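J.: The structure under discussion is supplied below as structure tokens; questions concerning it will follow.
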Amino acid sequence: MYVCLCKGVSDHKIREVVEQGARSFREVREQTGCATQCGKCACMAKTITREAVAREMMPAEGLAYAV
1469 MYVCLCKGVS DHKIREVVEQ GARSFREVRE QTGCATQCGK CACMAKTITR
1519 EAVAREMMPA EGLAYAV
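Under our numbering, the first residue of the sequence shown is numbered 1469, with each subsequent residue one higher.
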């Protein structure tokens, strides 16, 4: 779904940017341009960013780490 119509940023793009290392809405905004024009999408974009960062920070279950 498109979150930012002004800049054409989708929820998938926000999640992709977080997967690539963004850890704050400021970083997402800088990389995508989301919420830099009219700002009506900021609340939804922040929510998606927050959820994506939380998902990225959760430890993966079932993975064994070499010592």
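Cβ atoms here follow ideal geometry from the backbone N, Cα and C, with glycine treated the same way.
If you're wondering where the values come from, they're calculated on a predicted model, not measured in any experiment.
Mark C1472 as exposed unless 16 or more other C-beta atoms lie within 10 angstroms of its C-beta, in which case mark it buried.
T.: Start at 1 with the first residue of the sequence shown, and residue 1472 comes out as number 4. Buried: at least 16 other Cβ atoms inside 10 Å.
J.: For H1480 and K1508, what's the separation of their Cα atoms in angstroms?
T.: Taking the first residue of the sequence shown as position 1, residue 1480 is located at position 12. Taking the first residue of the sequence shown as position 1, residue 1508 is located at position 40. Straight-line Cα distance between these residues: approximately 18 Å.
J.: Have a look at the DSSP bridge pairing and note the partners of S1478.
T.: By 1-based counting over the sequence shown, the position of residue 1478 is 10. According to DSSP, S1478 bridges with Y1470.
J.: Near R1497, which residues of its chain fall below 8 Å by C-beta distance, leaving aside the five closest residues on each side in sequence?
T.: Position 29 of the sequence shown, counted from the first residue, corresponds to residue 1497. Same-chain partners within the cutoff: A1503, T1504 and A1513.
J.: Would you mind working out which of S1492, G1501, T1500 and E1487 sits nearest E1524, comparing C-alpha positions?
T.: In the sequence shown, the residue the question calls residue 1524 occupies position 56. Checked all of S1492, G1501, T1500 and E1487; the closest Cα to E1524 is E1487.
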